[in-house]
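Residue numbers (the numbering used here), protein chains in the order written: chain A, 1 to 51; chain B, 1001 to 1502.
Just below is one structure, and these are the notes that go with it.
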């Protein structure tokens, strides 16, 4: 386990698992809200059709 | 079949939910801009979810696991290089900032403003050709995963993938980019959960110490016996990628993050260039895991089969990983990972189909029309192209046999346009002397290397095949050379078309 390459890949691997887990919840919540905003924006008529 | 009732329920709930959400979004389509770039209303986090879902397909999982099986952890070096490229572009705004500010729907559209209408058309042809050939193997590789992970008969592959493609086509045709965004979001969630849970279970099953020890000792044993084997941890080792391949990948990945149309579509759909840069910075590390986590599954499959009497008959470095997962994952978890992989396949296929349809509509057909189409006509045309692409995928995916591993095929077919369009973008945005003659030369010369690779390697024996890094690097060199020489030997462009340094 003293091989620097193995240490490098171990750090990246466990960081990736943690990062993916974090992103699912963080981006999941934030992007969910943004979809609602997007849908609300799209309910409005396009600018050139506004009265 | 290795699937149980609970696995089928998980898969069924996901597929029906995703299809319903995709179809529901069709009501918000107001015109072709909503259909192709979601009305440019996308914010950072939804952009990240969509980009991550589209660029992590089942085909990605298959080729990164294949790299893990053949090259160990070092196979994930390409993901590290890609993450660095995203980070560099996210901080500097290189190419993506002026591109987003130009307000175009596709990259070739910018070339009409900068060079000429014909350059736009020719670039559109190359972009669509490279993109469609690249996408051609998605269904076959995806089907291979499902066959080997679920244990379903191989003869079902074509039927299952045709049904899956039909479902994707249904919501993409009706809802366009809006449906793609919402289904990408659902797919991002389930793929993320599936990848994390599977990676943890794989580590628990194989054991970290056992994994490292077996990969190392297997390499040492092969070297001692004079047999070929790739160093499992050092990518620069001559037995693995080597410096030449890695150098090509640095240029290639920079071109991918600034030029690959499916990635750039998300940049163009963002509300401004600041959000686009932010999206790139935040998503960068995701691309390490995109290669490393499925790479772990591939490496674990290698260790598992090495310790269980070798690879069973009928399996290879590509199909070993799904068979391994089908063997070791418990009931319920297999359903989750199969649903996650179906999600990955659906998000990638829908995103890619829509992107190439947009290019064909916007840059190949529209410039040839004498009168602009009505709003309904534009939507009808784009939807018809989507049907055409789906038909191409079914037929091409069934008969084409890859000459090497999947990653090399994808890299080289993508290179048909990556090298030349990258040269056009960089020169068009940052070199005032660049002109249409240089652009034609770059487009044609850039496609020579990859097309030669595809044709020659399909007909010659393995010893005489062209190395992918040679084909790839030469296409970048040739396209930049074509741009420089072509521009210098012809008249300078009019001041109005040259880029504004401000």
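Each residue gets a CB set at the ideal place from its N, CA and C atoms; glycine is no exception.
The model shown is predicted, which means the values in this text are computed figures rather than measured ones.
Leaving out five residues before and five after residue 1157/B in sequence, what residues of the same chain have Cβ atoms less than 7 angstroms from its Cβ? The residue you call residue 1157/B lines up with position 157 of the second chain. Correct list, in chain order: 1143, 1147.
Return the CA-CA distance between residue 1491/B and residue 1434/B, expressed in angstroms with no decimal places. In the second chain, the residue the question calls residue 1491/B occupies position 491. In the second chain, the residue the question calls residue 1434/B occupies position 434. Using only the alpha carbons, I get a separation of about 10 angstroms.
Would you mind working out which of 1470/B, 1217/B, 1154/B sits nearest residue 1232/B, comparing C-alpha positions? Residue mapping note: residue 1232/B aligns to position 232 of the second chain, counting from 1. Looking at the Cα atoms, 1217/B is the closest of the given residues.
Give the straight-line distance between the Cα atoms of residue 1047/B and residue 1279/B, rounded to the nearest whole angstrom. To locate residue 1047/B, count along the second chain from 1; it is residue 47. To locate residue 1279/B, count along the second chain from 1; it is residue 279. Taking the straight line from one Cα to the other gives about 7 angstroms.
Check the C-beta distance from residue 1329/B over to residue 1337/B and give it rounded, since I have them as a contact under 8 angstroms. Position 329 of the second chain, counted from the start, is the residue given in the question as residue 1329/B. Position 337 of the second chain, counted from the start, is the residue given in the question as residue 1337/B. That pair is a contact at about 6 angstroms.
Once you ignore the five residues that flank residue 1357/B on each side, which residues in its own chain have a CB closer than 7 angstroms to its CB? Taking the first residue of the second chain as 1, we reach residue 1357/B at position 357. Counting only Cβ-Cβ distances below 7 angstroms, and skipping sequence neighbours, we find 1382, 1385, 1386, 1389.
For chain A, check one thing: does any of its Cβ atoms lie closer than 8 angstroms to the Cβ of residue 1043/B? Translated into the one-based positions of the second chain, residue 1043/B becomes position 43. Output row for residue 1043/B: interface = yes.
In three-state terms, what does DSSP make of residue 1270/B? Here residue 1270/B refers to the residue found at position 270 of the second chain. DSSP places residue 1270/B in strand when its eight states are reduced to three.
Exposure label - residue 54/A; buried when at least 16 CB within 10 Å: Past the edges of chain A, shown from 1 to 51, lies residue 54/A, and the structure says nothing about it.
Environment of residue 1378/B [buried if 16+ CB atoms lie within 10 Å]: To locate residue 1378/B, count along the second chain from 1; it is residue 378. Answer is buried; the Cβ neighbour count reaches 16.
Starting from residue 1109/B, follow the alpha helix (DSSP H) in both directions and report where the run begins and ends. On the second chain, position 109 is the one that residue 1109/B refers to. It spans 1107-1114 - the alpha helix (DSSP H) in which residue 1109/B sits, taken as one unbroken run.
With a threshold of 8 angstroms between beta carbons, is residue 11/A in contact with chain B? Stepping through the first chain from its first residue, residue 11/A is reached at position 11. Cβ-Cβ to chain B under 8 angstroms: no for residue 11/A.
What does residue 1286/B reach in chain A if we use C-beta pairs closer than 9 angstroms? Walking along the second chain from the start, residue 1286/B turns up at place 286. Neighbours of residue 1286/B on chain A, chain order: 16, 19, 20, 23.
Would you tell me roughly how many angstroms separate the C-alpha atoms of residue 17/A and residue 1189/B, rounded to the nearest one? In the first chain, counting from the first residue as 1, residue 17/A sits at position 17. In the second chain, counting from the first residue as 1, residue 1189/B sits at position 189. Cα-Cα distance, rounded: 14 angstroms.
In chain A, which residues lie less than 8 angstroms from residue 1218/B when you measure between Cβ atoms? Within the second chain, residue 1218/B is the residue found at index 218, counting from 1. Neighbours of residue 1218/B on chain A: none; closest Cβ ~15 angstroms, over 8 angstroms.
Which term fits residue 1503/B, buried or exposed, when burial requires 16 or more other beta carbons within 10 angstroms of its beta carbon? Any question about residue 1503/B goes unanswered here, given that chain B covers just 1001 to 1502.
What are the start and end residues of the alpha helix (DSSP H) that includes residue 1029/B? As a position in the second chain, residue 1029/B is number 29, starting the count at 1. It is not in any alpha helix (DSSP H) - residue 1029/B carries neither H nor E in the DSSP assignment.
Taking all protein chains shown into account, decide if residue 1009/B is buried (16 or more other Cβ within 10 angstroms of its Cβ) or exposed. Taking the second chain and counting its residues from 1, one reaches residue 1009/B at position 9. Label assigned to residue 1009/B: exposed.
Can the beta-carbon of residue 1249/B be found closer than 8 angstroms to that of residue 1081/B? Taking the first residue of the second chain as 1, we reach residue 1249/B at position 249. Taking the first residue of the second chain as 1, we reach residue 1081/B at position 81. Taking 8 angstroms as the Cβ cut-off, residue 1249/B and residue 1081/B qualify as a contacting pair.
CB contact check: residue 36/A to chain B, cutoff 8 angstroms: Indexing the first chain from 1 puts residue 36/A at position 36. Chain B contact via Cβ: absent.
Excluding the 5 residues flanking residue 1355/B on each side, which residues of the same chain have their C-beta closer than 8 angstroms to its C-beta? The count along the second chain starts at 1 and reaches residue 1355/B at position 355. Cβ within range, chain order: 1131, 1261, 1262, 1265.
Cβ neighbours of residue 1475/B in the same chain (closer than 6 angstroms, five flanking residues each side left out): For the purposes of this step, residue 1475/B is identified with residue 475 of the second chain, where counting begins at 1. Closer than 6 angstroms at Cβ, skipping near neighbours: 1415, 1419, 1446, 1449, 1450.
Excluding the five sequence neighbours on either side, which residues of its own chain have a C-beta within less than 6 angstroms of the C-beta of residue 1417/B, listed in chain order? Locating residue 1417/B in the second chain gives position 417, counting from the first residue. 1126, 1127, 1130, listed in sequence order.
Would you mind giving the Cβ-Cβ distance between residue 1171/B and residue 1022/B, rounded to the nearest angstrom? I have them listed as a contact below 8 angstroms. Mapped onto the second chain, residue 1171/B falls at position 171. Mapped onto the second chain, residue 1022/B falls at position 22. 3 angstroms between Cβ atoms; contact.
Work out the CA separation of residue 1116/B and residue 1123/B for me, nearest whole Å. In the second chain, residue 1123/B corresponds to position 123, counting from 1. In the second chain, residue 1116/B corresponds to position 116, counting from 1. For residue 1123/B and residue 1116/B, the distance between alpha carbons rounds to 11 angstroms.
Taking only three categories from DSSP, how would you classify residue 1331/B? Here residue 1331/B corresponds to residue number 331 of the second chain, with the count starting at 1. DSSP places residue 1331/B in coil when its eight states are reduced to three.
Could you check whether the Cβ of residue 1200/B sits closer than 8 angstroms to any Cβ belonging to chain A? Here residue 1200/B corresponds to residue number 200 of the second chain, with the count starting at 1. Taking Cβ atoms only, chain A reaches closer than 8 angstroms to residue 1200/B, which makes this a yes.
Going residue by residue through the segment 1184-1239 of chain B, where are the continuous alpha helix (DSSP H) segments of at least 4 residues, counting only ones entirely within it? 1208-1224
Alpha-carbon spacing of residue 1104/B relative to residue 1364/B, whole angstroms: As a position in the second chain, residue 1104/B is number 104, starting the count at 1. As a position in the second chain, residue 1364/B is number 364, starting the count at 1. Approximately 15 angstroms between the Cα atoms of the pair.
So which of 1141/B, 1111/B, 1028/B has the shortest CA-CA distance to residue 1321/B? Residue 1321/B sits at position 321 when you count from the first residue of the second chain. Nearest C-alpha to residue 1321/B: 1141/B.
Rounded separation between residue 1060/B and residue 1351/B - CA only: Residue 1060/B sits at position 60 when you count from the first residue of the second chain. Residue 1351/B sits at position 351 when you count from the first residue of the second chain. Distance between the alpha carbons of residue 1060/B and residue 1351/B: 14 angstroms.
Listing by chain order, which chain B residues have their CB less than 9 angstroms from the CB of residue 2/A? The sequence position of residue 2/A within the first chain is 2, counting from 1. Those within 9 angstroms of residue 2/A in chain B number zero; the least Cβ separation is about 11 angstroms.
What's the C-alpha gap between residue 1319/B and residue 1054/B? For the purposes of this step, residue 1319/B is taken as the residue at position 319 of the second chain. For the purposes of this step, residue 1054/B is taken as the residue at position 54 of the second chain. Computed Cα separation, rounded: 22 angstroms.
Check whether the Cβ atoms of residue 1181/B and residue 1042/B sit closer than 8 angstroms, and answer yes or no. Stepping through the second chain from its first residue, residue 1181/B is reached at position 181. Stepping through the second chain from its first residue, residue 1042/B is reached at position 42. Yes, they are a contact pair.
Please state whether the Cβ-Cβ distance between residue 12/A and residue 1015/B is less than 8 angstroms. Numbered from 1 along the first chain, position 12 holds the residue referred to as residue 12/A. Numbered from 1 along the second chain, position 15 holds the residue referred to as residue 1015/B. Their beta carbons are not under 8 angstroms apart, which means residue 12/A does not touch residue 1015/B by this criterion.
With residue 1303/B as the anchor, note down where its alpha helix (DSSP H) starts and where it stops. Position 303 of the second chain, counted from the first residue, corresponds to residue 1303/B. Here the alpha helix (DSSP H) through residue 1303/B covers 1286-1306.
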